[in-house]
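Sequences listed follow chains U and C, in order.
Just so we're aligned, residue 23 is where the first sequence starts under the working numbering, counting upward by one.
Just so we're aligned, residue 23 is where the second sequence starts under the working numbering, counting upward by one.
By construction, the Cβ of each residue, glycine as well, lies at the ideal position given by its N, Cα and C atoms.
2 protein chains.
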Amino acid sequence: MPARPRRAPGRPRSDLDEEVLAATLRTVHELGYAGATVDKISAAAGTAKTTIYRRWPSKGALVTAGLVSAFGPLPPVAGDPRQNLAALVRWGADRIGRPGVAAAFAGVFADAVSDPDLRRLLRAQLQEPYRSGLEQALAVPTARALLIVDLVVGTLLHRRGITGETMTEADVQQLIAAAESLLG
Amino acid sequence: MPARPRRAPGRPRSDLDEEVLAATLRTVHELGYAGATVDKISAAAGTAKTTIYRRWPSKGALVTAGLVSAFGPLPPVAGDPRQNLAALVRWGADRIGRPGVAAAFAGVFADAVSDPDLRRLLRAQLQEPYRSGLEQALAVPTARALLIVDLVVGTLLHRRGITGETMTEADVQQLIAAAESLLG
DNA sequence: ACAATTCGCTACCAACAGTTGCGATACTGA
DNA sequence: TCAGTATCGCAACTGTTGGTAGCGAATTGT
Chain U
23 MPARPRRAPG RPRSDLDEEV LAATLRTVHE LGYAGATVDK ISAAAGTAKT TIYRRWPSKG
83 ALVTAGLVSA FGPLPPVAGD PRQNLAALVR WGADRIGRPG VAAAFAGVFA DAVSDPDLRR
143 LLRAQLQEPY RSGLEQALAV PTARALLIVD LVVGTLLHRR GITGETMTEA DVQQLIAAAE
203 SLLG
Chain C
23 MPARPRRAPG RPRSDLDEEV LAATLRTVHE LGYAGATVDK ISAAAGTAKT TIYRRWPSKG
83 ALVTAGLVSA FGPLPPVAGD PRQNLAALVR WGADRIGRPG VAAAFAGVFA DAVSDPDLRR
143 LLRAQLQEPY RSGLEQALAV PTARALLIVD LVVGTLLHRR GITGETMTEA DVQQLIAAAE
203 SLLG
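(1) Let's test the definition: count the other Cβ atoms within 10 Å of the Cβ of Arg142 of chain U and tell me whether it reaches 16, buried, or not, exposed.
(2) Note the first and the last residue of the continuous alpha helix (DSSP H) segment covering Trp78 of chain U.
(3) So is Gln196 of chain C in contact with chain U if we call contact Cβ pairs under 8 angstroms?
(4) Note down, in chain order, each residue of its chain lying with its Cβ closer than 8 angstroms to the Cβ of Ala167 of chain C, except the 5 sequence neighbours on either side.
(5) With a cut-off of 8 angstroms, does the C-beta of Ser136 of chain C fall near any C-beta of chain U?
(6) At the 8 angstroms Cβ level, is Phe131 of chain U part of the contact set with chain C, yes or no?
(7) Excluding five sequence neighbours on each side, which residues of the same chain lie with their C-beta closer than 6 angstroms to the C-beta of Val50 of chain C?
(8) Of all the residues that make up the stretch 139-153 of chain C, which are near chain U by a beta-carbon distance shorter than 9 angstroms?
(9) For Ala203 of chain U, go through chain C and note every residue whose CB falls closer than 7 angstroms to its CB, in chain order.
(10) Name the chain C residues whose beta carbon is nearer than 7 angstroms to that of Leu89 of chain U?
(11) Once the 5 residues before and after Trp78 of chain U are set aside, which same chain residues still bring their CB inside 7 angstroms of it?
(12) Going along the chain, which residues of the stretch 157-172 of chain U sit with their C-beta nearer than 7 angstroms to a C-beta in chain C?
(13) Would you check if there are 3 or more beta carbon pairs closer than 8 angstroms linking the stretch 37-47 of chain C to the stretch 106-123 of chain U?
(14) Cα separation between Glu202 of chain C and Thr164 of chain C?
(15) Which residues in chain U have a C-beta closer than 8 angstroms to the C-beta of Arg48 of chain C? List them in chain order.
(16) Quick one: list the residues of chain C neighbouring Thr177 of chain U, beta-carbon separation under 7 angstroms, in chain order.
(17) Can you grab the Cα-Cα spacing for the pair Asp61 of chain C / Gly68 of chain C, in whole Å?
(18) In whole angstroms, what is the alpha-carbon distance linking Gln196 of chain C and Thr188 of chain C?
(19) Please state whether DSSP places Asp39 of chain U in a helix, a strand or coil.
(20) How big is the Cα-Cα spacing for Phe131 of chain C and Gly129 of chain U?
(21) Can you name the residues of chain U whose CB is closer than 9 angstroms to the CB of Leu53 of chain C?
(22) On the DSSP letters alone, give me the boundaries of the alpha helix (DSSP H) that Gly122 of chain U sits inside.
(23) By DSSP, does Leu204 of chain C sit in helix, in strand, or in coil?
(24) Is Arg117 of chain C close to chain U? Criterion is C-beta to C-beta, closer than 8 angstroms.
(25) With a cut-off of 8 angstroms on the beta carbons, I'd call Gly54 of chain C and Ser136 of chain U a contact; round off their distance for me.
(26) I need the DSSP call for Ala109 of chain U, collapsed to helix, strand or coil.
(27) Using CA coordinates, which residue listed in U:Ser64, U:Gly183, U:Val162 and U:Arg33 is at the minimum distance from Leu107 of chain U?
This is the structure we're talking about:
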């Protein structure tokens, strides 16, 4: 018999996950990944550092959760693969252009190199959930979907990482054209 | 009258720049950017931490110098732009696939967000020197050359950052095809 | 009332980037 | 040979950070 979804005893968690994640990206935006200390993030969220560590096991996991929250679910698409690709690239460009997102990516990537737990978290929460939706929207096999993600996300992140600026509309159009050449 | 290139007085610097930079990438490869402490790097290079800080102003600058040393000068190319592009993509894929390079990139990108000095160094030592050579080899204007760099380098780095693996030959060929669509 | 759990707070630890000071060393120039 | 200068390796230090431990108070179900 299935366990009834009865509420566990004890004081329930306050509803502040979203506020903490928003404060995380805000602080990373202002101070960079290294400058955004967990003390400062908790102060910006109006809570305590210990509360944050009760919910996320490390700073990298916290920032990863902030990224997941900033991206949200893949937008629904219903066209042919070419149309879908253009819409998805614009969606990604918008999200990566939001304050703090690129800096957060750089930080978790750097941390993940020496942190296997964080690496697993990245793949499970950021790569895997989007991969399957992309395969369907673009009608491509897995390996091709992953390459397209590398191309689009990598290009957008590198631009922000090196120049600190977002892409011009003309560059986004070129990026769409380059990605289209991978649709097969 | 020109100042004679007379050697400055005092004990000359030991010839250990290259050994330190190699030890830097080696250590970043093994332990990640955060795990590669300057203490460990200096130990791996067989020198003292203070000697490193006498030559490079920060850990970020040290790792950036390691990257510059790992890439070396742009290889000479002498074909039409299409041939040159393919050769340059393969050159970049080889360099970014070398141990420690991708992890070093992620680390300096993350640090650069909150360190204007490091941001300037990145552009002056890693972006600017290659941009002009690329414009000539590919016969494209500046903005297009920068976009191609974002596309190629960004894609290669994102693949290593997320999966930790290098690209298959088939993927490199697809990347070349995608970049070619930007040649105009 | 009682058990269970979270909250905010203070205090703490180990590790790291970067600095300072020192004696020893290697070179130049007179 | 002797001063002057700059480097070297070493040890000790500072300030900060990620993360932990322990507490009394608050909030729920039974």
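Inspection of the coordinates gives the following:
(1) As a first step, residue 142 of chain U is located in the first sequence; it is residue number 120 there, counting from the start. Exposed, by the Cβ-count rule.
(2) Numbered from its first residue, the first sequence carries residue 78 of chain U at position 56. No alpha helix (DSSP H) contains Trp78 of chain U, which DSSP labels as neither H nor E.
(3) Within the second sequence, residue 196 of chain C is the residue found at index 174, counting from 1. For Gln196 of chain C, the nearest CB of chain U lies under 8 angstroms from its own CB, placing it at the interface with that chain.
(4) For the purposes of this step, residue 167 of chain C is taken as the residue at position 145 of the second sequence. Around Ala167 of chain C: Arg153, Leu156, Glu157 and Leu160.
(5) Along the second sequence, one-based indexing puts residue 136 of chain C at 114. Yes, Ser136 of chain C lies at the interface with chain U (some Cβ there is under 8 angstroms from its Cβ).
(6) Residue 131 of chain U sits at position 109 when you count from the first residue of the first sequence. Judged by the 8 angstroms Cβ criterion, Phe131 of chain U is in contact with chain C.
(7) What you label residue 50 of chain C is simply residue 28 of the second sequence in a count that begins at 1. The residues are Ala58, Gly122, Ala125 and Ala126.
(8) So the close ones are Arg141, Leu144, Arg145, Leu148 and Gln149.
(9) What you label residue 203 of chain U is simply residue 181 of the first sequence in a count that begins at 1. The sequence given here has Ser at residue 203 of chain U, not Ala. Result: Ala199, Ala200 and Ser203.
(10) Locating residue 89 of chain U in the first sequence gives position 67, counting from the first residue. The contacting residues do not exist; Leu89 of chain U stays about 12 angstroms from chain C at best.
(11) Walking along the first sequence from the start, residue 78 of chain U turns up at place 56. Sequence-distant Cβ neighbours of Trp78 of chain U in its own chain, meaning closer than 7 angstroms and more than five residues away, are Leu84 and Ala87.
(12) Leu169 and Asp172
(13) no
(14) Taking the first residue of the second sequence as position 1, residue 202 of chain C is located at position 180. Taking the first residue of the second sequence as position 1, residue 164 of chain C is located at position 142. Spanning the two alpha carbons is a distance of roughly 16 angstroms.
(15) The count along the second sequence starts at 1 and reaches residue 48 of chain C at position 26. Listed along chain U, no residue sits closer than 8 angstroms to Arg48 of chain C by beta-carbon distance, the nearest being about 14 angstroms off.
(16) Walking along the first sequence from the start, residue 177 of chain U turns up at place 155. Residues of chain C passing the Cβ test: Asp172, Leu173, Gly176 and Thr177.
(17) Working through the second sequence from its first residue, we reach residue 61 of chain C at position 39. Working through the second sequence from its first residue, we reach residue 68 of chain C at position 46. Answer to the nearest angstrom: the Cα atoms are 11 angstroms apart.
(18) The count along the second sequence starts at 1 and reaches residue 196 of chain C at position 174. The count along the second sequence starts at 1 and reaches residue 188 of chain C at position 166. About 14 angstroms.
(19) Here residue 39 of chain U is taken as the residue at index 17 of the first sequence, counted from 1. Of the three classes helix, strand and coil, the one that applies to Asp39 of chain U here is helix, per DSSP.
(20) The count along the second sequence starts at 1 and reaches residue 131 of chain C at position 109. The count along the first sequence starts at 1 and reaches residue 129 of chain U at position 107. So the two alpha carbons sit approximately 8 angstroms from each other.
(21) Stepping through the second sequence from its first residue, residue 53 of chain C is reached at position 31. Simply Val135 and Ser136.
(22) To locate residue 122 of chain U, count along the first sequence from 1; it is residue 100. No alpha helix (DSSP H) contains Gly122 of chain U, which DSSP labels as neither H nor E.
(23) In the second sequence, counting from the first residue as 1, residue 204 of chain C sits at position 182. Three-state DSSP puts Leu204 of chain C in coil, outside helix and strand.
(24) One-based indexing of the second sequence puts residue 117 of chain C at position 95. No, Arg117 of chain C lies away from the interface with chain U (no Cβ there is under 8 angstroms from its Cβ).
(25) Position 32 of the second sequence, counted from the first residue, corresponds to residue 54 of chain C. Position 114 of the first sequence, counted from the first residue, corresponds to residue 136 of chain U. Contact flag correct, Cβ pair sits at about 3 angstroms.
(26) As a working mapping, residue 109 of chain U is identified with position 87 in the first sequence. The DSSP-derived three-state label of Ala109 of chain U is helix.
(27) Working through the first sequence from its first residue, we reach residue 107 of chain U at position 85. Closest by alpha carbon: U:Val162.
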